[in-house]
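Position 305, counted from 1, in the sequence shown is what this note's numbering calls 1656; the numbers after and before it change by one each time, with no gaps.
Down below is the structure, laid out as structure tokens.
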Amino acid sequence: MAAEQAFVTLATNDSYARGAMVLGKSLRNHETSKKLVVLIGPHVSDQSRAVLHKIFDEVRLVDVLDSGDTAHLAMMKRPDLGVTFTKLHCWALTHYSKCVFMDADTLVLSNIDELFDREELSAAPDPGWPDCFNSGVFVFRPSNETYGKLLQYCTEHGSFDGGDQGVLNGFFSDWATADINKHLPFIYNMSSIAIYTYLPAFKQYGANAKVVHFLGQMKPWSYVYNTTQRRVRGDVQASSQPGLLQQWWALYSAEVLPMLIREYGDQPFNSGCEEEAEESEERVQPLVSSAERKQRWEQGQADYMGIDSFDNIQKKLDVFLK
Ligand SMILES: [Mn+2]
């Protein structure tokens, strides 16, 4: 009997392991009744594994190179898709009847157990190409048959974007049109791209978000957090959603970091945090008229690093969202 249901995430190195720890904690804090599973790659350190064991019900090592099975054969044909094969391994978790996969760069803001009412393959639209789903959050049914077909699809067709999202959209190719129940609302996988592409909608609906997805190259753990001032240091890129980034670090520093410190003991490790006071440096704002700014924005020329930086947008949004 495979009646149990689980949230599943993936950590291929110590950085993503931190993301997984924060995600796991956020699911626990919002009192999920589901099991928590993390798939890890062979490069995750013993200390990180120990902390993951404390947060997750199951920590499963996936070493595709070592497996000697069909996944290994698939990998030999497509070495470029290494991490993708690790992620696809979630279909092999057949001791669960249904699962929700969540990227390690997501953060849960409220209980989302209702996602288990959905069927495979349910996911939210990708903000860059809404006829594709974003593979950062999806509902699936573990099955060795599906797992085998996915590996076969992978080796025959590869991935049009080089990652798992391309493979999964190719495989579940009728997602866009077949069944509207498989379209998760955007609030289950909200990325910051919406702030720049559709600001009024973000103002209208952003406060309802249940899951935030830190898309893009800068991940929450790429920043340095000042524990004295309780803020993320330096220039925060707009795509990192400063208010939510702040929430990620608050959870990390309060609940995850103490566990890491216990595991590392006397050994030094990069906590991502610093204690000294930060030198404040006020940015000089260029003088541009409101009309001129609006025009530039509409032409796609937002001044992301200056006057339209997220810090400034956030100030505006705080007023709207209160
Ligand atoms: Mn992601």
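Glycine is no exception: its CB is placed at the ideal position from the N, C-alpha and C atoms.
On a predicted model such as this, the values are computed, not experimentally measured, just so you know.
* Per-residue DSSP class, three states only, for Q1398 -> As a working mapping, residue 1398 is identified with position 47 in the sequence shown. Helix.
* Asked: What residue range is occupied by the uninterrupted alpha helix (DSSP H) comprising K1376?
  -> As a first step, residue 1376 is located in the sequence shown; it is residue number 25 there, counting from the start. Here the alpha helix (DSSP H) through K1376 covers D1365 to N1380.
* Starting from N1485 and walking both ways along the beta strand (DSSP E), at which residues does that stretch end? -> Within the sequence shown, residue 1485 is the residue found at index 134, counting from 1. F1484 to F1491 is the span of the beta strand (DSSP E), which, as asked, contains N1485.
* Asked: Alpha carbon to alpha carbon, what distance is there between D1365 and Y1549?
  -> Residue mapping note: residue 1549 aligns to position 198 of the sequence shown, counting from 1. Residue mapping note: residue 1365 aligns to position 14 of the sequence shown, counting from 1. Distance between the alpha carbons of Y1549 and D1365 is about 34 Å.
* So, G1517 versus S1524, is the Cβ gap smaller than 9 Å? -> Working through the sequence shown from its first residue, we reach residue 1517 at position 166. Working through the sequence shown from its first residue, we reach residue 1524 at position 173. Not in contact: G1517 and S1524 (Cβ atoms no closer than 9 Å).
* **Identified DSSP bridge partners for M1541** => Translated into positions along the sequence shown, residue 1541 becomes position 190. According to DSSP, which records beta bridges pairwise, M1541 is partnered with V1563.
* Asked: Exposed or buried, I1531, counting other C-beta atoms within 10 Å across all chains shown (16 or more means buried)?
  -> Within the sequence shown, numbered from 1, the residue matching residue 1531 stands at position 180. Exposed.
* Asked: When the distance is taken between beta carbons, is H1381 closer than 9 Å to S1461?
  -> As a working mapping, residue 1461 is identified with position 110 in the sequence shown. As a working mapping, residue 1381 is identified with position 30 in the sequence shown. The answer is yes: Cβ separation under 9 Å.
* Asked: Going along the chain, which residues of its own chain have a beta-carbon closer than 6 Å to the beta-carbon of L1444, five neighbours each way excluded?
  -> Start at 1 with the first residue of the sequence shown, and residue 1444 comes out as number 93. If we look at L1444 and ignore the five residues flanking it on each side, its Cβ neighbours are P1493.
* Asked: Going by beta carbon distance, what residues of the same chain come within less than 6 Å of R1369, once the five residues before and after it are set aside?
  -> Residue mapping note: residue 1369 aligns to position 18 of the sequence shown, counting from 1. Around R1369: W1572.
* To do: Determine the burial state of A1605: buried for a count of at least 16 other Cβ atoms within 10 Å of its Cβ, exposed for fewer.
  => What you label residue 1605 is simply residue 254 of the sequence shown in a count that begins at 1. A1605 should be labelled exposed.
* With C-beta atoms as the reference, is E1614 less than 9 Å away from Q1398? -> Here residue 1614 refers to the residue found at position 263 of the sequence shown. Here residue 1398 refers to the residue found at position 47 of the sequence shown. Cβ atoms of E1614 and Q1398: closer than 9 Å.
* Beta-carbon separation (whole angstroms), A1455 vs A1601, contact threshold 8 Å -> For the purposes of this step, residue 1455 is taken as residue 104 along the sequence shown, with counting starting at 1. For the purposes of this step, residue 1601 is taken as residue 250 along the sequence shown, with counting starting at 1. Not confirmed; about 18 Å, so no contact.
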